[in-house]
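For the sequence shown, our numbering begins at 3 and goes up steadily by one. Everything below concerns the one structure shown next.
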Amino acid sequence: KYSVQIGVYTDDPDTWRVIKYNRDDPEWIAYRRVIKKDGNIWFVPGDVVVAVGISSGDNLEQAAQLAANRAEAVETNNIYVQGREFISYLKQVLERGKDLGYEF
(Lines of atoms letter the chains of each structure in order from A and count residues from 1; the text may use other names and numbers.)
(Lines give C-alpha, C1' and ligand atoms only; values in the text may rest on other atoms or scores of the structure.)
Protein backbone atom coordinates (compact mmCIF):
# COMPACT_ATOMS: atom_id res chain seq x y z
CA LYS A 1 0.00 0.00 0.00
CA TYR A 2 1.03 3.57 -0.71
CA SER A 3 -0.09 6.72 1.09
CA VAL A 4 -0.15 10.21 -0.43
CA GLN A 5 -1.06 13.67 0.87
CA ILE A 6 -2.03 16.52 -1.48
CA GLY A 7 -2.17 20.02 -0.01
CA VAL A 8 -4.88 22.66 -0.20
CA TYR A 9 -3.29 26.12 -0.02
CA THR A 10 -4.46 29.71 0.27
CA ASP A 11 -2.99 32.94 -1.02
CA ASP A 12 -4.85 34.80 1.74
CA PRO A 13 -3.68 33.33 5.07
CA ASP A 14 -5.01 36.29 7.09
CA THR A 15 -8.78 35.86 6.65
CA TRP A 16 -11.20 33.76 8.68
CA ARG A 17 -13.49 31.66 6.46
CA VAL A 18 -15.78 28.63 6.53
CA ILE A 19 -14.42 25.46 4.92
CA LYS A 20 -16.71 22.87 3.34
CA TYR A 21 -15.88 19.35 2.21
CA ASN A 22 -18.21 17.87 -0.38
CA ARG A 23 -17.55 14.15 -0.16
CA ASP A 24 -18.76 11.41 2.15
CA ASP A 25 -15.30 10.56 3.53
CA PRO A 26 -14.28 13.51 5.76
CA GLU A 27 -11.94 11.31 7.78
CA TRP A 28 -9.51 11.54 4.83
CA ILE A 29 -9.07 15.33 5.17
CA ALA A 30 -6.58 16.73 7.67
CA TYR A 31 -7.18 20.40 8.45
CA ARG A 32 -4.19 22.53 9.42
CA ARG A 33 -5.59 25.36 11.57
CA VAL A 34 -9.33 25.15 12.19
CA ILE A 35 -11.99 25.47 14.82
CA LYS A 36 -15.48 24.04 14.74
CA LYS A 37 -18.26 26.44 15.73
CA ASP A 38 -22.01 26.14 15.25
CA GLY A 39 -21.56 23.15 12.94
CA ASN A 40 -19.12 24.96 10.64
CA ILE A 41 -15.40 24.36 10.22
CA TRP A 42 -13.53 27.68 10.26
CA PHE A 43 -10.05 28.30 8.87
CA VAL A 44 -7.94 30.06 11.51
CA PRO A 45 -5.63 32.67 9.93
CA GLY A 46 -1.88 32.24 10.07
CA ASP A 47 -0.82 29.49 7.66
CA VAL A 48 -0.93 29.07 3.88
CA VAL A 49 -1.84 25.38 4.24
CA VAL A 50 -5.59 24.97 4.72
CA ALA A 51 -5.83 21.17 4.65
CA VAL A 52 -4.48 18.03 3.00
CA GLY A 53 -6.29 15.27 1.18
CA ILE A 54 -4.98 11.90 2.32
CA SER A 55 -5.23 8.56 0.55
CA SER A 56 -4.04 5.01 0.47
CA GLY A 57 -3.82 2.85 -2.63
CA ASP A 58 -2.36 -0.31 -4.09
CA ASN A 59 -0.05 1.73 -6.31
CA LEU A 60 1.43 5.19 -6.08
CA GLU A 61 -0.47 6.70 -9.02
CA GLN A 62 -3.83 5.44 -7.70
CA ALA A 63 -3.10 6.85 -4.24
CA ALA A 64 -2.06 10.24 -5.67
CA GLN A 65 -5.20 10.45 -7.82
CA LEU A 66 -7.48 9.73 -4.87
CA ALA A 67 -5.67 12.24 -2.63
CA ALA A 68 -6.00 14.92 -5.33
CA ASN A 69 -9.73 14.20 -5.72
CA ARG A 70 -10.20 14.59 -1.97
CA ALA A 71 -8.15 17.79 -1.81
CA GLU A 72 -10.14 19.26 -4.70
CA ALA A 73 -13.39 18.62 -2.79
CA VAL A 74 -12.37 21.15 -0.11
CA GLU A 75 -14.24 24.39 -0.74
CA THR A 76 -13.67 27.91 0.54
CA ASN A 77 -12.47 31.26 -0.83
CA ASN A 78 -8.94 31.88 -2.12
CA ILE A 79 -7.66 28.29 -2.22
CA TYR A 80 -5.79 26.22 -4.76
CA VAL A 81 -4.66 22.61 -5.09
CA GLN A 82 -1.55 21.66 -7.03
CA GLY A 83 -2.32 17.96 -7.10
CA ARG A 84 -2.69 17.69 -10.87
CA GLU A 85 0.77 19.15 -11.42
CA PHE A 86 2.18 16.68 -8.91
CA ILE A 87 0.42 13.74 -10.60
CA SER A 88 1.73 14.81 -14.02
CA TYR A 89 5.28 14.85 -12.67
CA LEU A 90 4.71 11.60 -10.76
CA LYS A 91 3.64 9.83 -13.97
CA GLN A 92 6.92 10.84 -15.60
CA VAL A 93 8.91 9.54 -12.64
CA LEU A 94 6.95 6.27 -12.54
CA GLU A 95 7.48 5.74 -16.29
CA ARG A 96 11.21 6.32 -15.90
CA GLY A 97 11.27 3.93 -12.95
CA LYS A 98 9.46 1.31 -15.02
CA ASP A 99 12.07 1.74 -17.79
CA LEU A 100 14.73 1.01 -15.17
CA GLY A 101 12.90 -2.07 -13.86
CA TYR A 102 11.15 -0.56 -10.82
CA GLU A 103 7.39 -0.47 -10.25
CA PHE A 104 5.65 1.46 -7.51
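For every residue, glycine included, the Cβ atom is placed at its ideal position computed from N, Cα and C. Given the structure is predicted, the values throughout are model-derived calculations rather than measurements.
*What three-state label does DSSP hand Trp44 in the structure shown?*
Looking at Trp44 - three-state DSSP - the assignment turns out to be strand.
_DSSP-derived helix/strand/coil call for Ala53_ = Judged by DSSP in its simplified three-state form, Ala53 adopts strand.
*asked:* For Pro15, tell me which candidate among Arg72, Trp44, Leu62 has the shortest Cα-Cα distance.
replied: Of Arg72, Trp44, Leu62, the residue nearest in Cα terms is Trp44.
*asked:* Going by the DSSP bridge assignment, what does Glu77 pair with across the sheet?
replied: Per DSSP, Lys22.
_Inter-residue Cα distance where the pair is Leu96 and Ala75_ = Leu96 and Ala75: Cα-Cα distance of roughly 26 Å.
*Contact between the segment 78 to 86 and the segment 24 to 42 (3+ Cβ pairs under 8 Å)*: No: fewer than three Cβ pairs fall under 8 Å.
*asked:* Restricting to Cα atoms, I'd like to know which of Arg34, Pro28, Lys3, Asn24 is closest to Thr12.
replied: Closest by alpha carbon: Arg34.
*Taking only the alpha-carbon atoms, compute the straight-line gap between Lys100 and Asp60 and give it to the nearest angstrom.*
Approximately 16 Å, taken between the alpha carbons.
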